[in-house]
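Notes to accompany the following structure.
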Amino acid sequence: PTLRFRRINNREEKDYFACSTCRDRKDCTFFLWADEDVTEDKSKFWDLERERILPKINHSELIEKLERIRQKKSRKRAYCHTCSVLLNSAELSAHSAHTLTLKVSDFQLTHPTELLKPLESSKKEAQYLFSKQSTTTIVTALCDLGAKHVVCLGTPRIHECILTDYGGQLTSLLLDIDHRYHNFYNKDQFCWYNSFNNYFFGGESSAAVLSQFLQKGDGEGVVLVTDPPFGGRVEPLAYTLKKITQLHRKLNPEAICDLPVLWMFPYFMEPQILANCPGYNMLDYKVDYDNHSLFASGPKARKHGSPVRIFTNLQPKLFKLSTEEGYRYCDVCERWVSEENKHCDKCNECTSKDGRTYVHCDMCSRCVKPSWRHCATCARCCLPSHVCGEFMPSSKCFICGMEGHKKKECPLHEQTFQVFEYTRRGKRKHNTIADLHSNKKVKTTQGSAKHKQKKKWSVKKMAASQIPQDNVKSQSKHEDSKPPTKPQPNKTFKFKKKKVPKAMKKKINV
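In our numbering, the protein residues as written are 2 to 511.
Structure below.
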């Protein structure tokens, strides 16, 4: 399962296919130019790589073993993190050199996220888990919405909570890319799935499980909850949600409304989400995580709370939040907001988004962050430490560089987005494609001093976001492997006299 990307180099555009999950070529080396023929040797090589990377899983056998493990006492149970399998006491000797968790409890068997080590690769799985409070709040909100069947797309904590605490009220299906959940859930409870390209690793049988689940209750009461990696592109994720929504509509033609969706994502990604899902709204609830200091609450967490919010295609007033957690209901906006999110009579809405109380600027006619000040020179609000003249609002389109329209109305909006140039000195951003072609430097992040004297190399790259039915294109910043190191010129070194015998006192050419 791959996505189609686009690279721009010396004014030439070239499409290629690369892994949809791994954003680092070190994790997955797959690479194929779009116009390149697939040779027999390449096909064989990829088959071997697939066998090497993908674990061989017999789901039925794992579930049978789970039932046998459950019948044993806790002291005779174990889990091997190296092999990703449950063990009984008789199998421990074969895994003595591996990383083990002994005395697996009944609670851990029903709550595997408490047993498994989170996959925290920022360029791959990025597996961060909801806190207990956030899990309870989200599941309670689902019950208040009248949900009966929940599709948990990358939300194992929600799945655990429903199965253990709401078994008589809700049903749940987990779709996740973490294959380790095969050890704990049967075929009707878990499907091995990639949300970036709507791919089932189990084939048609796994896809049929989702189809059957979406038809429960004639499609009424089915809700999808997703928590994708924040480093992934929004376009393929939105495409996947649209495909699942279309499938739900196709299977339930008499359903009153479309499939309700709850999407967890940082608040600063709101423009990207609304651009791909125009009917969505951002709730003010701060989603906390257990294993990420920036996405949590408390003295050691981010000062203004977690930046993660819930985006949904439902009306915000339907989500009731707890006053004990610091939320209140705004009668004017008809939605629940945090205490620091004060209603602005001039803007006629609760404007805060980052956890601070915004202040209204009469000259800008909008609310801004409290740390900003209005600059008469720049004619806008900005940080006091800014340099006047650096920010110049342009009347030109951000994408095509033409005047008369903005990027939302640009005819190329569905084809191109920001363009970046990657160099050994850092990342340089170009406002338009024209800037890239003219090699205009807009902003440069300098690298360390040791690279300043080295000859730099660059790879200019752009990803297309147009998403056709057959080949999903993404703008994900998929990292390319560095070009081969150039041979260094001959250098002359001398050994220190006191460490080298007289016979070896000579120059050595390398």
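For each residue, glycine too, the CB sits at the ideal point set by N, CA and C.
Self-check item: Cα-Cα separation between Leu275 and Asn282, rounded to whole angstroms
Solution: 8 Å
Quiz item: Under the three-state reduction of DSSP, which class applies to Phe269: helix, strand or coil?
Solution: helix
Quiz item: Glu236: which of His112, Asn277, Trp34 and Cys383 sits nearest, CA to CA?
Solution: Asn277
Quiz prompt | Distance, Ile70 Cα to Arg78 Cα | solution = 7 Å
Exercise. Would you list the one or two residues that DSSP bridges to Lys15?
Key: Arg8
Self-check item: Top-ranked residue by Cα proximity to Cys258, from Thr246, Ser307 and Trp264
Solution: Thr246
Quiz prompt | For Glu341 and Ser75, the rounded distance between their alpha carbons | solution = 47 Å
Exercise. Let me know if Glu37 comes out buried or exposed under the rule of 16 or more other beta-carbons within 10 Å of its beta-carbon.
Key: exposed
Practice problem: Within 10 angstroms of the Cβ of Trp193, are there 16 or more other Cβ atoms? Answer buried if so, exposed if not. | Solution: buried
Exercise. State the Cα-Cα distance for the pair Pro229 and Thr352, rounded to the nearest angstrom.
Key: 26 Å
Self-check item: Three-state secondary structure (DSSP) of Asp107
Solution: helix
Self-check item: Residue from Lys251, Leu33, Asn11 and Arg8 whose Cα sits closest to the Cα of Ala19
Solution: Leu33
Quiz item: In this structure, does DSSP put Cys376 in helix, strand or coil?
Solution: strand
Practice problem: Report, in whole angstroms, the separation of the C-beta atoms of Pro113 and Tyr182, which I expect to be a contact under 8 Å. | Solution: 6 Å
Practice problem: Could you work out which residue in Leu252, Gly155 and Gly169 is closest to Cys144 when comparing CA atoms only? | Solution: Gly169
Practice problem: Would you decide whether Gly218 is buried or exposed? Buried here means 16 or more other CB atoms lie within 10 Å of its CB. | Solution: exposed
Quiz item: By Cβ distance, which residues of its chain are closer than 8 Å to Pro119, with the 5 residues on each side in sequence left out?
Solution: Gln128, Tyr129, Leu130 and Asn292
Exercise. Mark Cys365 as exposed unless 16 or more other C-beta atoms lie within 10 angstroms of its C-beta, in which case mark it buried.
Key: exposed
Exercise. Can you check the segment 186-241 for any beta strand (DSSP E) of at least 3 residues that lies completely inside it and give the ranges in chain order?
Key: 191-195 and 223-227
Self-check item: Cα-Cα separation, Thr40 to Leu49
Solution: 14 Å
Practice problem: Would you check if the distance between the CB atom of Asp355 and the CB atom of Lys370 is smaller than 9 Å? | Solution: yes
Quiz prompt | Secondary structure, beta strand (DSSP E): runs of 3+ residues fully inside the segment 337-374 | solution = 360-362 and 367-369
Quiz prompt | Where Asp177 sits in the DSSP three-state scheme | solution = strand
Exercise. Look up Phe46 in the DSSP assignment and say whether it is helix, strand or coil.
Key: helix
Exercise. Could you tell me the boundaries of the alpha helix (DSSP H) in which Ala142 lies?
Key: Lys133 to Asp145
Quiz item: What are the start and end residues of each continuous beta strand (DSSP E) run of 3 or more residues lying completely inside the segment 80-107, in chain order?
Solution: 86-89 and 101-103
Quiz item: Grouping DSSP H, G and I as helix and E and B as strand, with all else coil, what is Ile311?
Solution: strand
Practice problem: May I ask you to report which of helix, strand or coil DSSP gives Cys334? | Solution: coil
Quiz item: Ser106: which of Leu117, Ser97, Gln190 and Ser207 sits nearest, CA to CA?
Solution: Leu117
Quiz item: So the alpha helix (DSSP H) His60 belongs to, where does it begin and stop?
Solution: His60 to Arg71
Quiz item: Does the beta carbon of Cys144 sit closer than 9 Å to a beta carbon anywhere in chain C?
Solution: In the structure shown, chain C does not exist; there is a single protein chain.
Self-check item: DSSP three-state assignment for Gln247, whether helix, strand or coil
Solution: helix
Quiz item: Are the Cβ atoms of Lys149 and Thr172 separated by less than 9 Å?
Solution: yes
Exercise. Output the distance between the C-alpha atoms of Arg5 and Glu14, rounded to the nearest integer angstrom.
Key: 13 Å
Quiz item: Out of curiosity, what's the CA-to-CA distance linking Phe185 and Cys383?
Solution: 51 Å
Quiz item: Would you call Val309 buried or exposed, if buried means 16 or more other Cβ atoms sit within 10 Å of its Cβ?
Solution: buried
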